[in-house]
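Undergrad: According to the UniProt record's numbering, the sequence shown is numbered sequentially starting from 1. Shown below is the structure under consideration.
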Amino acid sequence: MDTENSCENPCPISRSLSVAGDAWSILILRDAHAGLTRFDQFRKSMGIAPTMLTRRLATLTEEGLLEKRRYSEHPPREEYLLTEAGRDFLPVLFMIGAWGRKYRGGGKLTQFFDAETGTEIQAIAVDEVTGAKIGTRPMRVVVPDER
Numbered sequence: 001m002d003t004e005n006s007c008e009n010p011c012p013i014s015r016s017l018s019v020a021g022d023a024w025s026i027l028i029l030r031d032a033h034a035g036l037t038r039f040d041q042f043r044k045s046m047g048i049a050p051t052m053l054t055r056r057l058a059t060l061t062e063e064g065l066l067e068k069r070r071y072s073e074h075p076p077r078e079e080y081l082l083t084e085a086g087r088d089f090l091p092v093l094f095m096i097g098a099w100g101r102k103y104r105g106g107g108k109l110t111q112f113f114d115a116e117t118g119t120e121i122q123a124i125a126v127d128e129v130t131g132a133k134i135g136t137r138p139m140r141v142v143v144p145d146e147r
């Protein structure tokens with residue numbers, strides 16, 4: 001994917017994938033939502049090469065999903081915290097997980113529970129205007145210059 005020209009593409013899915021569309025970036029965001037903030041925590045959780053992790057953290061920071069904050073001066077150390085855009089990615093992660101549970105769900109799977117109710121979270125995507133589950137009604141795609 002040509003990430004240099006992704007902002008010229010009118011498709012919001014394409015634009016989003018240019019920022020967080022690779023597996024490592026999505027897994028970093030998953031781990032950040034689970035409370036991981038430090039380079040070594042991410043590396044240990046995912047088994048990712050340090051150079052790859054450095055690049056992905058830099059991209060997620062440059063694109064505004066994470067922000068760096070120094071937590072130690074000597075030696076200098078930084079942690080990565082979710083921004084508003086990063087926190088808004090959580091429903092996307094849950095939809096990917098719901099698809100994976102349905103179509104790639106063999107064996108034991110990690111479960112996610114609502115901390116207040118204790119019930120397992122069952123993610124669905126719903127159109128805010130109609131209240132209909134996305135995928136149950138016909139849709140049409142309108143490209144900006146084709147209106």
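We put the beta carbon where it would ideally sit given N, CA and C, even for glycine.
What is the C-beta distance between L27 and M46, in whole angstroms, given that I count them as a contact (C-beta under 8 Å)?
TA: Working through the sequence shown from its first residue, we reach residue 27 at position 27. Working through the sequence shown from its first residue, we reach residue 46 at position 46. The Cβ separation is near 5 Å, so the contact holds.
Undergrad: Go ahead and pull the three-state DSSP assignment for L109.
TA: As a first step, residue 109 is located in the sequence shown; it is residue number 109 there, counting from the start. In this structure, L109 counts as coil in the three-state DSSP scheme.
Undergrad: Beta strand (DSSP E) containing K68: first to last residue?
TA: For the purposes of this step, residue 68 is taken as the residue at position 68 of the sequence shown. Note, K68: beta strand (DSSP E), L66 to S72.
Undergrad: Spell out the partners DSSP gives K133 in its beta bridges.
TA: Here residue 133 corresponds to residue number 133 of the sequence shown, with the count starting at 1. Per DSSP, V126.
Undergrad: Note down, in chain order, each residue of its chain lying with its Cβ closer than 8 Å to the Cβ of L93, except the 5 sequence neighbours on either side.
TA: What you label residue 93 is simply residue 93 of the sequence shown in a count that begins at 1. Excluding sequence neighbours, L93 sits near I26, L29, R30 and H33.
Undergrad: If you pair each beta-carbon of the region 97-106 with each one of the region 63-82, do three or more pairs fall below 8 Å?
TA: Because the criterion of three Cβ pairs below 8 Å is not met, the region 97-106 and the region 63-82 do not touch.
Undergrad: With burial defined as no fewer than 16 other Cβ atoms inside 10 Å of the residue's Cβ, what is the status of G64: buried or exposed?
TA: The sequence position of residue 64 within the sequence shown is 64, counting from 1. Under this definition G64 is an exposed residue.
Undergrad: Below 8 Å between beta carbons: does that hold for K133 and V143?
TA: Mapped onto the sequence shown, residue 133 falls at position 133. Mapped onto the sequence shown, residue 143 falls at position 143. Not closer than 8 Å, so no.
Undergrad: Note the first and the last residue of the continuous beta strand (DSSP E) segment covering L17.
TA: Indexing the sequence shown from 1 puts residue 17 at position 17. Element bounds for L17: not the beta strand (DSSP E) but the alpha helix (DSSP H), P12 to A20.
Undergrad: Please report the distance separating the alpha-carbon of R43 from that of P50.
TA: Here the question's residue 43 lines up with position 43 in the sequence shown. Here the question's residue 50 lines up with position 50 in the sequence shown. Looking at the two C-alpha atoms, the distance is approximately 7 Å.
Undergrad: Taking the straight line between their C-alpha atoms, what separation do you get for I96 and D22?
TA: On the sequence shown, residue 96 is found 96 positions in, with the first residue counted as 1. On the sequence shown, residue 22 is found 22 positions in, with the first residue counted as 1. Approximately 13 Å between the Cα atoms of the pair.
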